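There are 2 protein chains.
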Amino acid sequence: MAGGRLQRELKKRRPFDSLEQEAALNITRTADRFGICFTRLFREHGLTPSQYNVLRILRGEGKPLPILEVADRMLTAVPGITGLIDRLEAMGLLDRERSTEDRRVVFVTITEPGLQLLARIDAPEAALHRRLLGHLTPDELRELTRLLEKARQSLDDCGG
Amino acid sequence: MAGGRLQRELKKRRPFDSLEQEAALNITRTADRFGICFTRLFREHGLTPSQYNVLRILRGEGKPLPILEVADRMLTAVPGITGLIDRLEAMGLLDRERSTEDRRVVFVTITEPGLQLLARIDAPEAALHRRLLGHLTPDELRELTRLLEKARQSLDDCGG
DNA sequence: ACCAATTAGTTTACGCGTCAATCAATCGGG
DNA sequence: CCCGATTGATTGACGCGTAAACTAATTGGT
Chain A
1 MAGGRLQREL
11 KKRRPFDSLE
21 QEAALNITRT
31 ADRFGICFTR
41 LFREHGLTPS
51 QYNVLRILRG
61 EGKPLPILEV
71 ADRMLTAVPG
81 ITGLIDRLEA
91 MGLLDRERST
101 EDRRVVFVTI
111 TEPGLQLLAR
121 IDAPEAALHR
131 RLLGHLTPDE
141 LRELTRLLEK
151 ARQSLDDCGG
Chain B
1001 MAGGRLQREL
1011 KKRRPFDSLE
1021 QEAALNITRT
1031 ADRFGICFTR
1041 LFREHGLTPS
1051 QYNVLRILRG
1061 EGKPLPILEV
1071 ADRMLTAVPG
1081 ITGLIDRLEA
1091 MGLLDRERST
1101 EDRRVVFVTI
1111 TEPGLQLLAR
1121 IDAPEAALHR
1131 RLLGHLTPDE
1141 LRELTRLLEK
1151 ARQSLDDCGG
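Line by line, the protein sequences are chains A and B.
Letter 61 of the first sequence, counting from 1, is numbered 61 in my numbering, and no numbers are missing.
Letter 95 of the second sequence, counting from 1, is numbered 1095 in my numbering, and no numbers are missing.
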């Protein structure tokens, strides 16, 4: 249980109820803290983290993708994706196009300006990854990844 | 590098650029997924995760706390805390009271209904922690916590 | 062919996170 | 004592996440 670092950060009086609780709170806390850093980086380039994520998915795919497919890969609940795509389209970073085969479907594609913007972010983002986690050894990084992937196995049965 | 689980989850074509990137994305992904579960649990009791957090901090403290002290322990940017406290006060779960010594300061205290609500959430929350992370061994949980705490050390110098 | 169910996507409403600007109370230097 | 700087807190604007309700196109059973 141990009066760990998180307990101090939170100015908690009591130790944690369980190892599971301590680990879960550490996951949340770390993601929140790191998220702040990435949010600031993206903001310098005029993007929010969600917007960056959409563009990155589209670049990785390399071809038009249905809107809901994008939402799916982001964990974004369906309704939220619409405004997100709206703003990116208004910025000229992606194109929206209704499918001719199934007119319910809307495809989105990253534009050339979108690709150029991502290209400008690549290097500083890699540098940030290194600044945040470069002090862990390769073995530690692999073990951290392994443990987090194992942690997520508990989600498989119950809800996506 | 390894075609890991996350790569499949994201339907990524290429492996990750670095171990740091893979670990960072795994932290984010796991926190997001787990967060969805906790959000649902709290919602069943009429609370958002942030609202629950405020109440939990106040219960842990056991005495009135200045508003900004609450915001500080939550990573919440200062302006956001006001509306959060507003809604909890409207629900009768906490009391707001301006300090007499320094009239700029506003103290908040959890009310009896607030304590009762938290008490109803305690057991299901502990159960959720166990469902999400109970399949890791105690050694794995300790190692996961250690690695995440080490990860956050990189934030100490630069803004945290 | 027709009507019900499903699917893709949007709209609306509400709460939260972040930023910039503001206001009131307090503190400090002259 | 007074003026400027600081501190605690709030407000307003904007974007995102989530849920509920809705529209439009497609599918499937009969």
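Idealized CB from N, CA, C, for every residue including glycine.
Values in this document were obtained by computation on a predicted structure and should not be read as measured data.
Inter-residue Cα distance where the pair is residue i and residue j
i	j	result
A1023 of chain B	R1104 of chain B	43 Å
L94 of chain A	G83 of chain A	13 Å
V78 of chain A	T1100 of chain B	48 Å
L1148 of chain B	R142 of chain A	13 Å
G1114 of chain B	D1072 of chain B	21 Å
R1154 of chain B	D1017 of chain B	First, the amino acid is wrong: residue 1154 of chain B is Ser here, not Arg. So the alpha carbons of these two residues sit roughly 20 Å apart.
L41 of chain A	L1025 of chain B	16 Å
T1076 of chain B	I1057 of chain B	13 Å
E1047 of chain B	L1117 of chain B	Inspection of the sequence shows that residue 1047 of chain B is occupied by Leu rather than by Glu. Approximately 10 Å between the Cα atoms of the pair.
Q7 of chain A	L1065 of chain B	18 Å
A1119 of chain B	L136 of chain A	39 Å
G1160 of chain B	P49 of chain A	Because the pLDDT of G1160 of chain B is 40, which lies under 50, any placement of that residue in the model is unreliable, and the number read from its coordinates should be weighed accordingly. Cα-Cα distance, rounded: 20 Å.
C1158 of chain B	D102 of chain A	For C1158 of chain B, the predicted model reports a pLDDT of 48, less than 50, meaning its position is unreliable; a value from the coordinates is still stated below. Approximately 51 Å, taken between the alpha carbons.
Residue i, buried or exposed, once every other Cβ within 10 Å from all chains shown has been counted against 16
i	result
E1097 of chain B	exposed
A1031 of chain B	buried
E112 of chain A	exposed
H129 of chain A	buried
A1151 of chain B	buried
T1028 of chain B	buried
T1145 of chain B	buried
Cβ-based neighbour list, residue i, same chain, cut-off 7 Å, excluding 5 preceding and 5 following
i	result
I1067 of chain B	I1081, I1085, V1106 and V1108
L132 of chain A	F34 and C37
G125 of chain A	The question names Gly, but residue 125 of chain A in the sequence shown is Glu. Cβ within range, chain order: L41.
Residue i, DSSP secondary structure in three states
i	result
D1072 of chain B	helix
E1101 of chain B	coil
P64 of chain A	coil
L136 of chain A	coil
D95 of chain A	strand
F34 of chain A	helix
T1039 of chain B	helix
T145 of chain A	helix
T1109 of chain B	strand
Close-in-space but distant-in-sequence residues of the same chain around residue i (CB under 6 Å, 5 per side omitted)
i	result
I1121 of chain B	H1045
Y52 of chain A	F42
E1089 of chain B	R1096
Near the ligand COA: residue i beta-carbon under 7 Å from a heavy atom
i	result
G1060 of chain B	This structure does not include the ligand COA; it has no bound ligands of any sort.
Near-chain B residues of the stretch 122-142 of chain A - C-beta to any C-beta below 7 Å:
A126, H129, R130, R131, L132, L133, G134, H135, L136, P138, E140, L141 and R142
Members of the stretch 1018-1040 of chain B near chain A, C-beta cut-off 8 Å
S1018, L1019, E1020, Q1021, E1022, A1023, A1024, N1026, I1027, T1028, R1029, T1030, A1031, D1032, R1033, F1034, G1035, I1036 and C1037
Please name the residues in the stretch 1143-1158 of chain B whose beta-carbon is closer than 9 Å to at least one beta-carbon of chain A, in chain order.
E1143, L1144, T1145, R1146, L1147, L1148, E1149, K1150, A1151, R1152, Q1153, S1154, L1155 and C1158
By the 7 Å beta-carbon criterion, what residues does the stretch 58-70 of chain A contribute toward chain B?
G60
Short-range partners of chain A found in the stretch 1073-1104 of chain B, where Cβ spacing is below 8 Å
R1073 and L1075
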